[in-house]
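Peer 1:
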Amino acid sequence: MKKHELMPYIAMGIMLVIVQVIAIILSPAMNEAGYSAFEDPKAIENTIYFIAILLAFTAAMLILIKIKGKKIISWIVAASIFLVFIYIFAAVFGELIGATITASALALILSAAATALLYKYPEWYVIDVLGVLICAGSASIFGISFEILPVIILLILLALYDAISVYKTRHMLTLAEGIIDLKAPVLVVIPKSLKYSYINEGIELKKEKSERGAFMMGMGDLIMPSILVVSSYIYLEAPLLPIGISLPTLMAIIGSLAGFSLLMYFVAKGNPQAGLPTLNGGTILGFLAGCAISGSWGWILSIF
999 MKKHELMPYI AMGIMLVIVQ VIAIILSPAM NEAGYSAFED PKAIENTIYF
1049 IAILLAFTAA MLILIKIKGK KIISWIVAAS IFLVFIYIFA AVFGELIGAT
1099 ITASALALIL SAAATALLYK YPEWYVIDVL GVLICAGSAS IFGISFEILP
1149 VIILLILLAL YDAISVYKTR HMLTLAEGII DLKAPVLVVI PKSLKYSYIN
1199 EGIELKKEKS ERGAFMMGMG DLIMPSILVV SSYIYLEAPL LPIGISLPTL
1249 MAIIGSLAGF SLLMYFVAKG NPQAGLPTLN GGTILGFLAG CAISGSWGWI
1299 LSIF
């Protein structure tokens, strides 16, 4: 593969790391603000609730696609994005100037502006910059919501679900096509050329990969492996490296990149691929390797 053909793959890998770094930075403020999605991060049943909500949301989206409810889908996606921005900016301003009316007003204004920009001017670089922030904020929220064991179970279940939905039922491909037709900002877009315009050209899945002007990657593929990275940073008691994170957290990041590299190997062959089996698998194996090297197994003892 030539250098210019490799660049989109490298860009997606860099994007994954940036999401994880920003998520780590945001997580203490998110945790202090109490933005956890569940009351008890240790509870295993939280994974069941998460999967149930995901299945219900997916089913609702597929029904709306089938009945041509594009406007409703757009409103649902916009409301979800706006809410994530609210959490991110509220946590940031709450950390900087305290939980004041000014902080809340600034968070509201910036969230509305960012959401409006995504919908009024959905060019690839706007989607990518704000998409990375959305992914980091989401990963941070879910990362503080699950302790180590529940998040590992969650990632395994999500990997299995992703594989079934792509290779067996194929409903995830139907969902992806519907979202792409809407140009809804729930994926990142990596152009093959800087002249490419997502607004004008979009991405046609039915075209041959060589004919498409850009690659795409679902935000879920950036968010899900990053949840374990954040959870290990917040909940794992382990010595910190000079870079401010523990070895298991660093190895989780490295593992996610290894899983991403394997995923891109299969993507380069031209067929749609389920991202989470390799991404989540690499992140989990990297984390466990980091625990083995550093002797950080306290999270297992805490189960008992």
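Okay, so the sequence shown: first residue is 999 according to the numbering used here, each after it adds one. No residue lacks a Cβ here, since even glycine has one placed at the ideal position from N, Cα and C.
#1: What residue does the alpha helix (DSSP H) around F1083 start on, and which one ends it?
#2: Counting only the same chain and skipping the five closest in sequence on each side, list residues whose C-beta sits under 8 Å from that of I1232.
#3: For D1038, which residues of its own chain have a beta-carbon under 8 Å away from its beta-carbon, when the five flanking residues on both sides are left out?
#4: Based on the DSSP secondary-structure assignment, which residues constitute the bridge partners of L1062?
#5: Since K1068 and L1234 should fall inside the 8 Å C-beta cutoff, what is the C-beta to C-beta distance between them, to a whole number of angstroms?
#6: Buried or exposed: which applies to F1285, given that a residue is buried once 16 or more other Cβ atoms fall within 10 Å of its Cβ?
#7: Determine the direct distance from the alpha carbon of A1236 to that of S1294, and round the result to whole angstroms.
#8: Do A1256 and G1280 have their C-beta atoms closer together than 8 Å?
#9: What does the alpha-carbon distance come out to for the pair D1160 and L1115?
#10: Might you give, ordered along the chain, the residues of its own chain that have their beta carbon closer than 8 Å to the beta carbon of I1042, omitting 5 neighbours on each side?
#11: So, does the stretch 1129-1137 touch the stretch 1010-1025, judging by three or more C-beta pairs under 8 Å?
#12: Does the distance from the C-beta atom of L1283 to that of M1222 stay below 8 Å?
#13: Among I1241, A1050 and Y1123, which one has its Cα closest to the Cα of A1009?
#14: For I1099 and S1078, what's the separation of their Cα atoms in angstroms?
#15: Buried or exposed: Y1085, going by 16 or more other Cβ atoms within 10 Å of its Cβ?
#16: Could you give the distance in angstroms between the alpha-carbon of G1288 and the alpha-carbon of A1031?
#17: Is the Cβ-Cβ distance between G1129 and P1183 less than 8 Å?
#18: Helix or strand or just coil, what does DSSP make of A1174?
#19: Suppose only complete runs of 4+ residues qualify. What are the alpha helix (DSSP H) ranges in the stretch 1197-1242, listed by chain order?
#20: In this structure, how does DSSP classify L1192 when only helix, strand and coil are distinguished?
Peer 2: In short, the structure shows the following:
#1: Your numbering for residue 1083 matches position 85 in the sequence shown. From DSSP, the alpha helix (DSSP H) with F1083 extends over K1068 to I1095.
#2: Numbered from 1 along the sequence shown, position 234 holds the residue referred to as residue 1232. Excluding positions up to five away in sequence, the list reads S1025, P1026, N1029, G1141 and I1142.
#3: The count along the sequence shown starts at 1 and reaches residue 1038 at position 40. Answer for D1038: N1044, listed in chain order.
#4: Taking the first residue of the sequence shown as 1, we reach residue 1062 at position 64. Looking at the DSSP assignment, L1062 forms no beta bridge with any residue, so it has no partner.
#5: For this step, residue 1068 is matched to residue 70 along the sequence shown. For this step, residue 1234 is matched to residue 236 along the sequence shown. With a Cβ gap of about 43 Å, K1068 and L1234 do not count as contacting.
#6: What you label residue 1285 is simply residue 287 of the sequence shown in a count that begins at 1. F1285 is buried by the Cβ-count criterion.
#7: For the purposes of this step, residue 1294 is taken as residue 296 along the sequence shown, with counting starting at 1. For the purposes of this step, residue 1236 is taken as residue 238 along the sequence shown, with counting starting at 1. Near 6 Å, if we compare the C-alpha coordinates of A1236 and S1294.
#8: Within the sequence shown, the letter at position 258 stands for residue 1256. Within the sequence shown, the letter at position 282 stands for residue 1280. Contact flag set, yes.
#9: Position 162 of the sequence shown, counting from 1, holds the residue named residue 1160. Position 117 of the sequence shown, counting from 1, holds the residue named residue 1115. Approximately 30 Å, taken between the alpha carbons.
#10: Indexing the sequence shown from 1 puts residue 1042 at position 44. Around I1042: L1147, P1148 and I1151.
#11: yes
#12: For the purposes of this step, residue 1283 is taken as residue 285 along the sequence shown, with counting starting at 1. For the purposes of this step, residue 1222 is taken as residue 224 along the sequence shown, with counting starting at 1. Contact flag unset, no.
#13: If you number the sequence shown from 1, residue 1009 lands on position 11. Ranking the options by Cα distance to A1009, first place goes to Y1123.
#14: In the sequence shown, residue 1099 corresponds to position 101, counting from 1. In the sequence shown, residue 1078 corresponds to position 80, counting from 1. Near 23 Å, if we compare the C-alpha coordinates of S1078 and I1099.
#15: As a working mapping, residue 1085 is identified with position 87 in the sequence shown. That one is buried.
#16: Translated into the one-based positions of the sequence shown, residue 1288 becomes position 290. Translated into the one-based positions of the sequence shown, residue 1031 becomes position 33. Computed Cα separation, rounded: 29 Å.
#17: Counting from one through the sequence shown, the residue named residue 1129 turns up at place 131. Counting from one through the sequence shown, the residue named residue 1183 turns up at place 185. In this structure, P1183 lies closer than 8 Å to G1129 by Cβ.
#18: Counting from 1 along the sequence shown, the entry for residue 1174 is found at position 176. Here A1174 sits in helix by DSSP.
#19: 1217-1233
#20: Reading the sequence shown from its first residue, position 194 is the one you call residue 1192. L1192 falls in the coil class under three-state DSSP.
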